[in-house]
Amino acid sequence: MTGTRSQTLEPPEQSLQAQAAISLRGIEKSFGAFTAVRNLDLDIASGEFFSLLGPSGSGKTTVLRMIAGFERPTDGSIELGGEMVTDKAPFERKVNTVFQDYALFPHLNVAQNVEYGLKLRKVPRAQRQQMVNDALEMIRLPQVARRLPSQLSGGQRQRVALARALILKPQVLLLDEPLGALDKQLREQMQIELKQIQREVGITFVFVTHDQEEALSLSDRVAVFNDGRIDQVGSPADLYERPATRFVASFLGHTNLIEGDLARQLLGAPGPFSLRPEHVRVAPSARAANDQQASLTATVREVVYTGSCTRFVASTPSGADIIFQELNGASTQPPQRGAEVVLEFDRRHAVAI
Amino acid sequence: MAWLGVLYIGSLLLLFATAFWHTDPFTSKVIPGFTLENFQELVVQEAYRNTAVRTIGIALAVTILCAALALPLGLFMAKVAGPKLRAILAIGITLPLWAGYLVKVFSWRITFSQGGPLDWVLAPLGVDGMGYGQPAVVVTLAYLWFPYMAVPVYTAFRQIPDNLFNASADLGAKSWGTIRTVALPLLKPALIAGSIFTFSLSLGDYIAAQFVGGKTQMIGTVIAQNINLNPPLAAAFGLVPILVVVAYLFLARKSGALDAL
Ligand SMILES: Nc1ncnc2c1ncn2[C@@H]1O[C@H](COP(=O)(O)OP(=O)(O)OP(=O)(O)O)[C@@H](O)[C@H]1O
Ligand SMILES: [Mg+2]
Numbered sequence: 001m002t003g004t005r006s007q008t009l010e011p012p013e014q015s016l017q018a019q020a021a022i023s024l025r026g027i028e029k030s031f032g033a034f035t036a037v038r039n040l041d042l043d044i045a046s047g048e049f050f051s052l053l054g055p056s057g058s059g060k061t062t063v064l065r066m067i068a069g070f071e072r073p074t075d076g077s078i079e080l081g082g083e084m085v086t087d088k089a090p091f092e093r094k095v096n097t098v099f100q101d102y103a104l105f106p107h108l109n110v111a112q113n114v115e116y117g118l119k120l121r122k123v124p125r126a127q128r129q130q131m132v133n134d135a136l137e138m139i140r141l142p143q144v145a146r147r148l149p150s151q152l153s154g155g156q157r158q159r160v161a162l163a164r165a166l167i168l169k170p171q172v173l174l175l176d177e178p179l180g181a182l183d184k185q186l187r188e189q190m191q192i193e194l195k196q197i198q199r200e201v202g203i204t205f206v207f208v209t210h211d212q213e214e215a216l217s218l219s220d221r222v223a224v225f226n227d228g229r230i231d232q233v234g235s236p237a238d239l240y241e242r243p244a245t246r247f248v249a250s251f252l253g254h255t256n257l258i259e260g261d262l263a264r265q266l267l268g269a270p271g272p273f274s275l276r277p278e279h280v281r282v283a284p285s286a287r288a289a290n291d292q293q294a295s296l297t298a299t300v301r302e303v304v305y306t307g308s309c310t311r312f313v314a315s316t317p318s319g320a321d322i323i324f325q326e327l328n329g330a331s332t333q334p335p336q337r338g339a340e341v342v343l344e345f346d347r348r349h350a351v352a353i
Numbered sequence: 001m002a003w004l005g006v007l008y009i010g011s012l013l014l015l016f017a018t019a020f021w022h023t024d025p026f027t028s029k030v031i032p033g034f035t036l037e038n039f040q041e042l043v044v045q046e047a048y049r050n051t052a053v054r055t056i057g058i059a060l061a062v063t064i065l066c067a068a069l070a071l072p073l074g075l076f077m078a079k080v081a082g083p084k085l086r087a088i089l090a091i092g093i094t095l096p097l098w099a100g101y102l103v104k105v106f107s108w109r110i111t112f113s114q115g116g117p118l119d120w121v122l123a124p125l126g127v128d129g130m131g132y133g134q135p136a137v138v139v140t141l142a143y144l145w146f147p148y149m150a151v152p153v154y155t156a157f158r159q160i161p162d163n164l165f166n167a168s169a170d171l172g173a174k175s176w177g178t179i180r181t182v183a184l185p186l187l188k189p190a191l192i193a194g195s196i197f198t199f200s201l202s203l204g205d206y207i208a209a210q211f212v213g214g215k216t217q218m219i220g221t222v223i224a225q226n227i228n229l230n231p232p233l234a235a236a237f238g239l240v241p242i243l244v245v246v247a248y249l250f251l252a253r254k255s256g257a258l259d260a261l
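Taken in order, these protein sequences are the chains called Z and F. Residues 1 to 353 in this note's numbering are what the first sequence lists, from first letter to last. Residues 1 to 261 in this note's numbering are what the second sequence lists, from first letter to last.
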């Protein structure tokens with residue numbers, strides 16, 4: 001329904017079609033009376049790092065499970081690398097999955113887990129061993145080959161799950177919140193490793209997450225899910241700088257929604273508009289509004305220190321809240337709580353949604 | 001408690017000791033001593049040897065039948081059935097445990113009787129019921145001990161996360177491959193625990209053989225016949241199932257299946 005505004009920045013439609021690794025057409029999925037995914041169209045180019053981002057229950061896992069073949073769509077069709085797979089079983093699809101809970105086989109050790117898919121493909125033993133060694137080398141865990149999954153840390157399990165899937169060289173790797181269980185530090189380290197691995201092996205990643213920061217920092221493109229639909233598809237910069245809907249604007253980072261009288265006064269239209277806090281600043285005292293700059297007076301109500309920057313919440317006389325943000329360590333004195341300030345922003349940065 | 005222990009161990013020891021005594025053939029008096037005659041008798045006499053082998057065979061057949069039924073049922077209950085159906089099936093499985101042993105054996109006796117319900121049901125198909133005999137013993141014992149196999153297998157199935165099956169399919173396994181390489185290894189402890197029950201309970205049973213076995217004799221039948229005439233021989237025969245079960249437990253232990261118990 002949306003995403004049209006971001007389409008201009010994507011690769012031209014043709015080339016996307018030609019090399020689409022995954023295309024979903026008119027996908028619908030109901031569980032009984034409940035519709036989890038509705039009328040979904042999506043093309044993912046081969047080699048892309050593509051994220052499905054959305055709040056809990058928005059249908060991300062359901063879409064992933066339909067691509068993998070664990071769930072059959074109620075309606076619509078799925079193509080993988082140009083081949084229609086809608087009715088095919090998981091083992092007939094050249095797709096592999098890294099599960100949110102890793103799903104490592106508890107009775108097999110790490111090497112046997114990684115080897116599992118190769119054995120099914122009847123790869124000869126010597127070659128198998130070589131490939132397993134290489135894979136464990138790649139995830140930097142050759143020393144744990146003989147351990148059972150229960151004897152590994154969460155991060156190690158995650159990497160084993162990754163190796164088990166990657167060793168089969170699938171066209172597409174599906175990852176369902178693979179970093180969800182990790183602490184922040186390990187998570188960030190694994191994000192870098194994932195990105196690196198994806199670049200090295202050059203396969204398509206479909207990455208499910210509800211962490212917007214993670215989606216923005218890793219992905220080539222992101223689809224934002226909202227209640228079983230996709231609100232917008234685009235590059236991280238697209239989504240952040242030109243959100244198409246109110247939902248996308250508020251789900252990705254902080255934003256100011258400017259609408260009604262305030263919008264008319266500042267921007268000459270009723271809106272609504274999305275304005276990112278970092279685009280609003282305290283005006284140098286001696287400057288009047290001009291064509292490009294809109295300005296308003298407000299009273300600082302809240303000051304939130306977040307490390308690298310400080311976020312302020314200010315109220316306009318009409319009662320609307322404006323959030324703005326300043327980098328810490330700037331030379332000027334930051335406004336205090338209760339202070340009256342003149343704020344300004346570049347009109348170009350207010351995006352109609 | 002301590003007395004119970006003494007009584008329990010004591011009676012086992014007595015059984016053990018009695019097996020080495022012998023009976024005076026003229027007075028039928030039991031004479032303490034040490035002789036291996038009884039065991040010799042068991043091995044040499046073809047009838048005894050056959051009975052022992054037959055009993056072990058029946059116990060194995062019962063175990064295999066129970067496992068073969070418990071696996072699909074456990075899979076269905078744990079992974080397919082909704083909560084309501086699951087509860088009904090769980091009650092259905094354990095229900096036989098609530099009825100008296102003799103009642104159940106007797107109802108099977110009626111079922112297998114000539115012109116009985118089984119014959120009647122099978123008649124339109126042009127097949128005769130199997131009547132009394134070894135197969136009837138196996139079926140009856142399997143029915144009696146089925147809950148001891150079904151409950152652990154079902155519980156173990158429930159503990160296997162769905163995603164393991166998904167992962168297996170994802171990596172390229174078909175249904176049978178998933179069952180063989182994922183489900184069965186994870187169910188092994190439950191299967192062994194269940195089989196210890198079905199196997200040893202079947203080894204020791206003789207009432208079912210009496211009721212539905214026709215001429216089938218099991219170790220228990222021989223013991224029952226000799227318990228008054230020749231107690232040492234009965235005791236020696238009584239040691240056979242115990243030795244077999246101990247050997248079985250030893251094998252199970254070696255395979256690592258009892259580690260979780
Ligand atoms: N097997 C099922 N039966 C019934 N409802 C289901 C089933 N699977 C998913 N749902 C429902 O579908 C909706 C979407 O679920 P889904 O798991 O795709 O969400 P999600 O976006 O992955 O959320 P999360 O971030 O919490 O994992 C939810 O409301 C969920 O309750
Ligand atoms: Mg999910």
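The beta carbon of each residue, even a glycine, is placed where N, CA and C say it ideally should be.
With H, G and I counted as helix, E and B as strand and the rest as coil, what does DSSP make of residue i?
i, result
"Y305 of chain Z", "strand"
"T35 of chain Z", "strand"
"Q217 of chain F", "coil"
"G76 of chain Z", "strand"
"L182 of chain Z", "coil"
"A126 of chain Z", "helix"
"V233 of chain Z", "strand"
"M130 of chain F", "coil"
"T316 of chain Z", "coil"
"E259 of chain Z", "coil"
"E71 of chain Z", "coil"
"E177 of chain Z", "coil"
"A330 of chain Z", "coil"
"T209 of chain Z", "strand"
"G154 of chain Z", "helix"
"R337 of chain Z", "coil"
"F20 of chain F", "coil"
If the cut is a Cβ gap below 7 angstroms, which residues of chain F does residue i touch?
i, result
"R121 of chain Z", "G172"
"H107 of chain Z", "P185, L186"
Ignore the nearest five residues each way along the sequence and tell me which others in residue i's own chain have a CB closer than 7 angstroms to its CB.
i, result
"G155 of chain Z", "L182, L186, M190"
"T245 of chain Z", "T2, D231, Q232, I353"
"H254 of chain Z", "P277, I323"
"A89 of chain Z", "G69"
"T18 of chain F", "P231, P232, A235"
Please list, in chain order, all residues of the same chain as residue i whose beta carbon is under 6 angstroms from its beta carbon, the five residues on each side excluded.
i, result
"T297 of chain Z", "V342"
"F146 of chain F", "C66"
"K169 of chain Z", "none"
"D75 of chain Z", "E28"
"V98 of chain Z", "A161, L162, A165, L175, P178"
"V151 of chain F", "none"
"Q7 of chain Z", "At Q7 of chain Z the pLDDT is 43, less than 50, meaning the model places this residue with poor confidence; the figure from the coordinates comes in the next sentence. Taken in chain order, the list of residues that qualify is empty."
"T111 of chain F", "P117, L118"
Could you list which residues in chain F have their beta carbon closer than 8 angstroms to that of residue i, in chain order?
i, result
"P90 of chain Z", "N166, A169, D170"
"D101 of chain Z", "P161, N163"
"G117 of chain Z", "L171, G172"
"T204 of chain Z", "Residues of chain F passing the Cβ test: none, with the nearest at roughly 16 angstroms."
"L354 of chain Z", "There is simply no residue 354 of chain Z to check, as chain Z begins at 1 and stops at 353 in what is shown."
"R97 of chain Z", "The sequence as given places Thr at residue 97 of chain Z; Arg does not occur at that position. Correct list: N166, A167, D170."
Residues in the same chain with beta-carbon distance under 8 angstroms from residue i, minus the five sequence neighbours each way, listed in chain order, please.
i, result
"V43 of chain F", "R49"
"V351 of chain Z", "E241, R242, P243, A249, F273, S274, L275"
Under a criterion of Cβ closer than 5 angstroms to any non-hydrogen atom of ligand 1, which residues qualify, in chain order? Z:F31, Z:A36, Z:S56, Z:G57, Z:S58, Z:G59, Z:K60, Z:T61, Z:T62, Z:H210
Which residues, in order along the region 150-182 of chain F, keep a beta-carbon less than 8 angstroms from a beta-carbon of chain Z? P161, N163, L164, N166, A167, S168, A169, D170, L171, G172, A173, K174, G177, T181, V182
Which of the residues in the region 61-87 of chain Z, read from start to end, lie with their CB under 9 angstroms from any CB of chain F? When C-beta distances to chain F are compared with 9 angstroms, the residues of the region 61-87 of chain Z below that value are R65, A68, G69, F70, in chain order.
For the region 166-189 of chain Z, list every residue whose C-beta sits within 8 angstroms of some C-beta in chain F, in sequence order. Residues of the region 166-189 of chain Z whose Cβ lies closer than 8 angstroms to any Cβ of chain F, in chain order: L168.
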